[in-house]
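Structure record follows, encoded as structure tokens.
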Amino acid sequence: MNDKVTEIIFLLDRSGSMSGLENDTIGGFNAMIQKQLRMEGKTTVTAVLFDHEYDILWNGVDAEEAVLTSQNYVVRGSTALLDAVGKTIVDVNRRHAQASLEDRPDTVLVVITTDGMENASIEFNYEKVQSLIKQQKQMHDWHFIFLGANIDVAAEASRMGIEEEDAHLFEASADGMITMYEQVNEVMMEKRSRR
Numbered sequence: 001m002n003d004k005v006t007e008i009i010f011l012l013d014r015s016g017s018m019s020g021l022e023n024d025t026i027g028g029f030n031a032m033i034q035k036q037l038r039m040e041g042k043t044t045v046t047a048v049l050f051d052h053e054y055d056i057l058w059n060g061v062d063a064e065e066a067v068l069t070s071q072n073y074v075v076r077g078s079t080a081l082l083d084a085v086g087k088t089i090v091d092v093n094r095r096h097a098q099a100s101l102e103d104r105p106d107t108v109l110v111v112i113t114t115d116g117m118e119n120a121s122i123e124f125n126y127e128k129v130q131s132l133i134k135q136q137k138q139m140h141d142w143h144f145i146f147l148g149a150n151i152d153v154a155a156e157a158s159r160m161g162i163e164e165e166d167a168h169l170f171e172a173s174a175d176g177m178i179t180m181y182e183q184v185n186e187v188m189m190e191k192r193s194r195r
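Under full-length UniProt numbering, think of the first position of the sequence shown as 1, with each following residue one higher.
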């Protein structure tokens, strides 16, 4: 295992309710990536954009290549949160399993952001997602951070198997997005420095 590589997996809500927050999401995400690049070791990024569909924007790329823009972050659709979380865990776990030991990251941080309730998942339910999260935490020491607006974040995170201390509320506004990304950066820096 390479103890100098941290993979950060972002699940970014792009459902229609994020309309008007595109520039703040883009700016906050990119600023946070730049701060993570200053941390010791190599940082790789996987980013999944979700609404009622699921699109992998980057899959384990060097963080320097991960730049969110108005061309690749476009809001639309409803919120299939559980499908996005479930598919992402399965996809990344498969990629890690196929990689040699030295190419697997030592630290994996999964950041889930949403500004609304689950309302469109077809393939995954709370029980399946909770089982996947538990498995990744126990077997591979993955860390999960849940950020939500307009929902009971502690209850929603708990239903997925994420501890209350890793569930954070943000305001769905320009200032709220800035604060959210600053908060995510601080949490990730803390978790990375423990290694």
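Glycine included, every Cβ here is placed at the ideal spot set by N, Cα and C.
Unbroken alpha helix (DSSP H) run spanning residue i, endpoints
i, result
"Phe29", "Glu22 to Leu37"
"Ile145", "Premise fails: Ile145 lies in the beta strand (DSSP E), His143 to Gly148, not in any alpha helix (DSSP H)."
"His96", "Leu81 to Gln98"
"Ala174", "Ala174 to Ser193"
Per-residue DSSP class, three states only, for residue i
i, result
"Tyr126", "helix"
"Glu7", "strand"
"Leu57", "strand"
"Ala47", "strand"
"Asp152", "coil"
"Thr69", "coil"
"Ala157", "helix"
"Ile133", "helix"
"Ser121", "coil"
"Glu102", "helix"
"Ser19", "coil"
Contacting residues, own chain, Cβ-Cβ under 6 Å from residue i (five flanking each side not counted)
i, result
"Ile56", "Val48"
"Lys137", "none"
"His143", "Leu109 and Lys191"
"Asp24", "Ala174 and Met177"
"Phe29", "Leu68"
"Asn185", "Met32 and Lys35"
Residue of the options minimising C-alpha distance to residue i
i, options, result
"Leu21", "Asp106, Ser173 and Met188", "Ser173"
"Tyr126", "Gly161, Val111, Gly116 and Gln98", "Gly161"
"Gly148", "Leu11, Arg192 and Tyr73", "Leu11"
"Thr79", "Ser19, Lys42 and Ser121", "Ser121"
"Glu7", "Asp141, Phe146, Asp115 and Ser19", "Asp141"
"Asn59", "Leu169, Thr69, Thr43 and Gly116", "Thr43"
"Gln135", "Glu171, Ile89 and Asp166", "Ile89"
"Val61", "His168, Asp103, Asn185 and Asp83", "Asp103"
"Gln71", "Ile26, His168, Ala154 and Met139", "Ile26"
"Ile112", "Leu169, Leu101 and Pro105", "Leu169"
"Glu156", "Pro105, Arg95, Ile33 and Leu82", "Leu82"
"Asn119", "Glu165, Gly16 and Thr107", "Gly16"
"Glu53", "Gly41, Ala84, Glu64 and Glu164", "Ala84"
Same chain, Cβ closer than 7 Å to residue i, neighbours up to 5 away in sequence not counted
i, result
"residue 218", "Given that the chain is displayed from residue 1 to residue 195, the structure contains no residue 218 and the question cannot be resolved."
"Asp86", "Checking the sequence shown, residue 86 turns out to be Gly, not Asp. Excluding residues within five positions, the ones whose Cβ falls inside 7 Å are Glu123, Phe124, Lys128, Val129 and Leu132."
"residue 204", "There is no way to answer for residue 204, as the model of the chain reaches only from 1 to 195."
"Val92", "Ile9 and Thr46"
Chain-order list of residues whose beta-carbon lies under 8 Å from that of residue i (same chain, five-residue window excluded)
i, result
"Arg14", "Leu49, Phe50, Asp51, Tyr73, Val74, Val75, Arg76 and Gly77"
"Gln183", "Leu147, His168 and Phe170"
Span of the beta strand (DSSP E) around residue i
i, result
"Ile112", "Pro105 to Thr114"
According to DSSP, residues forming a beta bridge with residue i
i, result
"His168", "Leu147"
"Ala63", "BP columns for Ala63 are empty, so no partner."
"Leu12", "Leu49 and Thr113"
"Lys42", "Val5"
C-beta neighbour in chain D for residue i, strict 8 Å
i, result
"Glu118", "Protein chains in the displayed structure number just one, and chain D is not present."
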